[in-house]
Each structure stands twice: as structure tokens, then as C-alpha cells.
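Peer 1: Under my numbering, the first residue of the sequence shown carries the number 8, and numbering increases by one thereafter.
Glycine is no exception: its CB is placed at the ideal position from the N, C-alpha and C atoms.
Mind looking over this structure? Questions follow.
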Amino acid sequence: MQKRKLGNAGPEVSLVGLGCNNFGGRIDLEASRRVIDKALDLGITLIDTADTYGNRGGSEEILGKVLGARRNDIVLATKFGLPMDDAGKLRGASRRYITQAIEASLRRLRTGWIDLYQLHRPDPQTPIEETLRTLDELVKAGKVRFIGCSNLSAAQLEEAQAVAQRLGLASFVCCQDEYSLLERDPEKDLVPVMRRDGLGLLPYFPLASGLLTGKYKSGAPLPSGTRLANSSRHAAGLLTTRNWRIRSARWQRDAGIRCSNWP
């Protein structure tokens, strides 16, 4: 398994990471265990989850149960900020909430530290300085090694990096955003800021929920049990004429390359 540094200042991680949003939700403990074991056997060292995954806490709990001593061999990443209760009180990026969220994640993950702690989405109610000061405290306390962000705009990222530099605080080492052959918006504004500041990119939905794998066929029923079959809203956004056209064009291109490489 190839490895690379996550941005200029982040940890070294495997080229392929394991996303754990299905653990504790679509798949149970034993199925998750098989996935985790196989990933580790293949040399994957980056495992990424979030406190909300698995019906609020389930994914982190499964990782805590399964990893055991192997936790020391991986880069364990999780996120905070999305609602963890129906009332909407356990959410956001305030100092008060982050200090609660980190302790809850550490307990569920059964670990003393988190390698990469990521803001899941912007919190318009909290100044970014408050968020960064709190995350900086966690880094200095040894509870977090690196910090990252997800779903920030280019302007929001610029502001966060400027505040961290001005105040001498820990700064984001990477961004986690939707990025694939079908979704390339980050290239417009976000990626230039990331390149300038030396941040890494963790793409989510890199295979467009399976559309780029060949799992789905144009005009055919969606396979039972798949992500798009279980979410009509998600399917409607992905199974568009544009996306079918792009996928078909890429497959034709790849087929041509394979044929040209035949002896």
C-alpha cells in the first residue's frame, strides 16, 4: 500500500483510506469487523469516521470494540459538529460543545487520543477564533494530534488559516470535501487555497456512491440494498443525464486505453 503525507504538516497515511459511515447503521458489528480486518490486512492505515455516523455514535463504538491494540498502527480520524441529539443542542463548534464532544468520542473509540479531529461543517453561530482556540487546547493537551475541516468554503478556509497564523494556533492540515469525476467544484476556489497553504484533500464520495464503479446501469433497476436504492433523494441527485454521460465517456476512454495496451 502506497503512503503519502496528508498535506505539508499532516500525518503520513495510506493512499486509500477506510470510510466508516456505514458502521453501526447499514452494517452491524460483525460485518464491520470483517471490513476493518480486511482493510488493515491490505495495509490501510487511515480510518475515518464521525461522531454522528452509525445513528449517532455507533460507528465510533464499533471501532473502539474492534481495533484493540491495532489502534496504535493507524491514523484514526473523526469529526464533530453535526447534531448528536434530536433537540439540536449537542452540535456546533463552540468551546463548550467541543470539550464535551471530544470526551464522548474518546470514550466510544476507547482511545486516549485522536490523530485527526475534524470540524464536520461550518458553525455560523460560533466565531472561528473560538473554535480554533479550543482545538489548539486539545492539541496541546495531547488529546488531538492534528486538526482538519470539512465542507468549508474557500473564504471560510482562508479566514480560519489567517486566524490560526495570526494567533499562533494549531491550523487545519487538511480538508474533507466531496470530490470525484462527477463533482469537481472544489477545483474552482477551494483547491487553490489549499495548495497555497499546503493542505491535503480527503475526498468523500470519490466513487459517487458507487455510480463510478459499474454497480448501476442506465435504465436498469437499482440493485437491492445499495446506497442509491435506499435513498431516492440521493439517487435523484446522482442519476442525471449529465452524470451518465460523463461516466460513459470515461469508460469508453479507459476501454480504448486498455485495448491500445494489449500485446
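With DSSP as the reference, identify every bridge partner of Phe87, one or two as the case may be.
Peer 2: Leu126
Peer 1: Quick check on the burial criterion: 16 or more other C-beta atoms within 10 angstroms. Buried or exposed for Asn79?
Peer 2: exposed
Peer 1: Touching or not, the stretch 223 to 242 and the stretch 190 to 209, by the rule of three or more beta carbon pairs under 8 Å?
Peer 2: no
Peer 1: Using CA atoms only, rank isn't needed, just tell me which of Ser238, Phe179, Ala84 and Gly14 is closest to Gln168.
Peer 2: Phe179
Peer 1: Please state the DSSP three-state secondary structure of Ser101.
Peer 2: coil
Peer 1: Tell me whether Ser187 sits in a helix, a strand or coil according to DSSP, three-state version.
Peer 2: coil
Peer 1: Can you tell me where the alpha helix (DSSP H) holding Val20 begins and where it ends?
Peer 2: Where Val20 is concerned, there is no enclosing alpha helix (DSSP H), although the beta strand (DSSP E) it sits in stretches over Glu19 to Ser21.
Peer 1: Once DSSP output is grouped into helix, strand and coil, what is the label at Pro134?
Peer 2: coil
Peer 1: Report the option in Gly24, Lys224, Thr106 and Pro18 whose CA atom is closest to the CA atom of Pro210.
Peer 2: Gly24
Peer 1: Rounded to a whole number of angstroms, what is the C-alpha to C-alpha distance between Asn28 and Ala100?
Peer 2: 21 Å
Peer 1: My assumption, with CB atoms under 8 Å, is that Cys182 sits in contact with Leu208. Please give the rounded CB distance.
Peer 2: Indeed, because the Cβ distance is near 6 Å, the residues count as touching under 8 Å.
Peer 1: Could you tell me the alpha carbon to alpha carbon distance between Asp196 and Glu166, rounded to whole angstroms?
Peer 2: 14 Å
Peer 1: What residues in its chain sit with their C-beta under 7 Å from that of Glu110, if we drop five residues either side in the sequence?
Peer 2: When the five nearest sequence neighbours on each side are left out, no beta carbon in the same chain lies closer than 7 Å to the beta carbon of Glu110.
Peer 1: According to DSSP, simplified to helix, strand and coil, what is Pro270?
Peer 2: Reliability fails at Pro270, whose pLDDT of 40 lies under 50, so the model's placement of it is uncertain and the value that follows must be treated cautiously. DSSP places Pro270 in coil when its eight states are reduced to three.
Peer 1: In angstroms, rounded to a whole number, what distance separates the CA positions of Asp48 and Lys12?
Peer 2: 21 Å
Peer 1: Look at the alpha carbon of Pro213 and the alpha carbon of Lys45, and state the distance between them as a whole number of angstroms.
Peer 2: 20 Å
Peer 1: According to the Cβ coordinates, are Asp122 and Ala84 closer than 8 Å?
Peer 2: yes
Peer 1: Could you give the DSSP three-state label for Asp55: helix, strand or coil?
Peer 2: Looking at Asp55 - three-state DSSP - the assignment turns out to be strand.
Peer 1: Since Thr141 contacts Thr118 with CB under 8 Å, what's their CB separation in whole angstroms?
Peer 2: In fact, because the Cβ distance is near 19 Å, the residues do not count as touching under 8 Å.
Peer 1: According to the neighbour-count rule (16 or more other Cβ atoms, all chains shown, within 10 Å of its Cβ), is Leu116 buried or exposed?
Peer 2: With 16 or more neighbouring CB atoms inside 10 Å of its own CB, Leu116 falls in the buried class.
Peer 1: Who does Pro210 pair with in a DSSP beta bridge?
Peer 2: Asp184
Peer 1: Give the single residue among Val151, Ser157, Gly17 and Ile69 whose Cα lies nearest to the Cα of Ala38.
Peer 2: Residue Ile69 is the option with its Cα nearest to Ala38.
Peer 1: Secondary structure at Arg2, three-state DSSP: helix, strand or coil?
Peer 2: The question about residue 2 has no answer, for the chain in this structure spans 8 to 270.
Peer 1: Terminal residues of the continuous beta strand (DSSP E) containing Ser157?
Peer 2: Val151 to Ser157
Peer 1: Are the CB atoms of Gly88 and Arg98 within a distance shorter than 8 Å?
Peer 2: yes
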